[in-house]
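Okay, so here's the structure we're looking at.
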């Protein structure tokens, strides 16, 4: 596709339910990032992949959060036993190569609401 | 880690006036500073960026200035229009890969 695609756009989960959020980066993009954006706040870094390797997961808020990118393209962010504080927009971004100062393109995000 | 502060948090201007948003950062090794515009319910989109070897960059009505010594950079929008209304985020790139640290955002309202 022409841009970064995320699905679903909206997800309502009952507290304690597991969810999986999908990100399709721009074809050929090596780097992939996940961010969490709470209402009225800036995006907060969660994790980073270079191809299939997860190089940094320091932003994941707890061990309930897990991300993978097994074939170096599509990535999935999984949240286990969701809590109300997990409610946020989850943004995925990709960029072309593993160098500094390269533009990252964002998807439209998945809005997760935990009730 | 990197600490990015952004001010003001909200900004209202009359159509045609200028708007200025400022960000400061803590890590002097940072060397790429993009600005993103996010309309309600939409993705952040890059509007302008600046690298550390440049002090100013301009693109039509939008400009960014960088003061590396003081570790701050600013977004300037001239001749504002209603469609400029959005939330603007500054960002700082840190590290050998693109771990982006975002500011807290500025909600700009342009009043017709």
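Protein chains in written order, with my numbering: chain A, 2 to 116; chain B, 290 to 401.
Quick reminder that beta carbons are idealized off the backbone N, C-alpha and C, glycines included.
Whether residue i touches residue j by CB criterion (8 Å)
{"i": "residue 364 of chain B", "j": "residue 379 of chain B", "result": "yes"}
{"i": "residue 15 of chain A", "j": "residue 116 of chain A", "result": "yes"}
{"i": "residue 376 of chain B", "j": "residue 327 of chain B", "result": "yes"}
{"i": "residue 26 of chain A", "j": "residue 92 of chain A", "result": "no"}
{"i": "residue 42 of chain A", "j": "residue 313 of chain B", "result": "no"}
{"i": "residue 112 of chain A", "j": "residue 10 of chain A", "result": "yes"}
{"i": "residue 395 of chain B", "j": "residue 339 of chain B", "result": "no"}
{"i": "residue 23 of chain A", "j": "residue 38 of chain A", "result": "no"}
{"i": "residue 353 of chain B", "j": "residue 366 of chain B", "result": "no"}
{"i": "residue 118 of chain A", "j": "residue 68 of chain A", "result": "No statement about residue 118 of chain A is possible, as the shown extent of chain A runs from 2 to 116 and does not include it."}
{"i": "residue 319 of chain B", "j": "residue 381 of chain B", "result": "yes"}
{"i": "residue 291 of chain B", "j": "residue 315 of chain B", "result": "yes"}
Exposure label - residue i; buried when at least 16 CB within 10 Å
{"i": "residue 358 of chain B", "result": "exposed"}
{"i": "residue 64 of chain A", "result": "exposed"}
{"i": "residue 301 of chain B", "result": "exposed"}
{"i": "residue 3 of chain A", "result": "exposed"}
{"i": "residue 48 of chain A", "result": "buried"}
{"i": "residue 344 of chain B", "result": "exposed"}
{"i": "residue 298 of chain B", "result": "exposed"}
{"i": "residue 108 of chain A", "result": "buried"}
{"i": "residue 80 of chain A", "result": "buried"}
Cβ-Cβ separation, residue j to residue i (assumed contact under 8 Å), whole Å
{"i": "residue 349 of chain B", "j": "residue 304 of chain B", "result": "Wrong, their Cβ atoms sit about 17 Å apart, outside the cutoff."}
{"i": "residue 104 of chain A", "j": "residue 335 of chain B", "result": "6 Å"}
{"i": "residue 77 of chain A", "j": "residue 13 of chain A", "result": "Going by Cβ atoms, the distance from residue 77 of chain A to residue 13 of chain A rounds to 19 Å, so no, they are not a contact pair."}
{"i": "residue 95 of chain A", "j": "residue 32 of chain A", "result": "6 Å"}
heavy atom of the ligand MG below 7 Å from residue i C-beta
{"i": "residue 306 of chain B", "result": "Of the ligands one can find in the structure shown there are none, so the ligand MG has no counterpart to examine."}
Next on the checklist: So if I threshold CB-CB distances at 9 Å, which residues from the segment 33-60 of chain A count as touching chain B?
Outcome noted: Those residues of the segment 33-60 of chain A that come within reach of chain B (Cβ to Cβ, closer than 9 Å) are 34, 36, 38, 41, 42, 43, 44, 45, 46, 49, 51, 56, 57, 59, 60.
Next on the checklist: Closer than 8 Å between beta carbons: that is the criterion. Which residues of the segment 7-35 of chain A meet it against chain B?
Outcome noted: So the close ones are 32, 34.
Checklist entry - Mind pulling the beta strand (DSSP E) runs of 3 or more residues that sit fully within the segment 25-75 of chain A? => result Fully enclosed beta strand (DSSP E) runs of no fewer than 3 residues occupy 32-38, 45-51, 54-57, 66-69 of the segment 25-75 of chain A, in order along the chain.
Item to check | Inside the segment 341-399 of chain B only - beta strand (DSSP E) runs reaching at least 3 residues | outcome: Correct list: 345-348, 351-356, 361-366, 375-383, 388-391.
Checklist entry - Any residues in the segment 81-92 of chain A with a beta carbon nearer than 8 Å to a beta carbon of chain B? Which ones, in chain order? => result Those residues of the segment 81-92 of chain A that come within reach of chain B (Cβ to Cβ, closer than 8 Å) are 92.
Next on the checklist: Along the segment 333-353 of chain B, where does the CB come closer than 8 Å to a CB of chain A? Name the residues.
Outcome noted: Here the close residues are 333, 334, 335, 338, 340.
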